[in-house]
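First residue of the sequence shown? That's 11 in the working numbering, and the numbers climb one at a time after it.
Written below as structure tokens is the structure these notes are about.
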Amino acid sequence: MVNISSEASSLKGEYISGPFEWTFHTGLPNMDLDSDGDSVPDDLDWFPDDPLESEDSDLDGIGNNADLDDDGDGIPDEWEMKYDLDPLDPSDAGEDPDNDGKTNLEEFRSGSDPRSTTEDESSILMFLIVMIVGVMLILALVVYAVFQRNRLRERELERTFFREE
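Right, here's the structure in full:
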């Protein structure tokens, strides 16, 4: 090991300013140290203090630390924890805690709250917007049809009364 302290000087004899200390390790890594006891030496271990880093709850070949869905139920762990579900229990995807007829997996896919029986406000707003736009389109078509019918009648009247003989 080589230590360089803040008192080091350059080849020109000038002192390097600033509080720092660099440590260089020479030689092979210490393969004996395994802080979490998972049989992976700390120098090669991505999570040296986590003995469960290699655990793979859903057996998908991705360790839980890197897996976004530890139980493989199709619902990300973060979402499950947000709504007090168990990220290691795949059966909770089929449960319906708010009894609204939608499973937790369906609630996740639709973006709704699995604990609330009320509809998501954004979906209600979207429904209202679609209905208003639909009514406006129908009204516009009716006005257009009436306008066209009146134009046709005017032309017919013009032909009837102002015929050139």
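For each residue, glycine too, the CB sits at the ideal point set by N, CA and C.
- Cβ-Cβ distances below 6 angstroms link D106 to T113 in the same chain, with the five nearest sequence neighbours on each side left out; the list follows chain order.
- Here L115 really is in contact with G104; their C-beta atoms are around 7 angstroms apart, less than 8 angstroms.
- If you keep only unbroken alpha helix (DSSP H) runs of at least 4 residues inside the segment 68-131, you get 87-92 and 114-120.
- Around the beta carbon of E90, a 10 Å sphere encloses 16 or more other beta carbons of the protein chains shown; the residue is thus reported as buried.
- Bridge partners of F137 according to DSSP: none are assigned.
- Counting only the Cα atoms, D81 lies some 5 angstroms from L98.
- Around the beta carbon of E164, fewer than 16 other beta carbons lie within 10 angstroms, which makes this residue exposed.
- Rounded to the nearest angstrom, the gap between the Cα atoms of R119 and I85 is 9 angstroms.
- CA-CA distance, L138 to G144, rounds to 10 angstroms.
- In this structure, D102 places its C-beta atom within 9 angstroms of the C-beta atom of D83.
- Shown here for L149: not one same chain residue has a beta carbon closer than 6 angstroms to its own, the five before and five after excluded.
- Each residue's CA atom was taken as its position, placing P58 and D77 some 18 angstroms apart.
- Residues of the same chain with their beta carbon placed closer than 6 angstroms to that of L62 are lacking, with the five preceding and five following residues left out of the count.
- The C-alpha of M141 is placed about 10 angstroms away from the C-alpha of L135.
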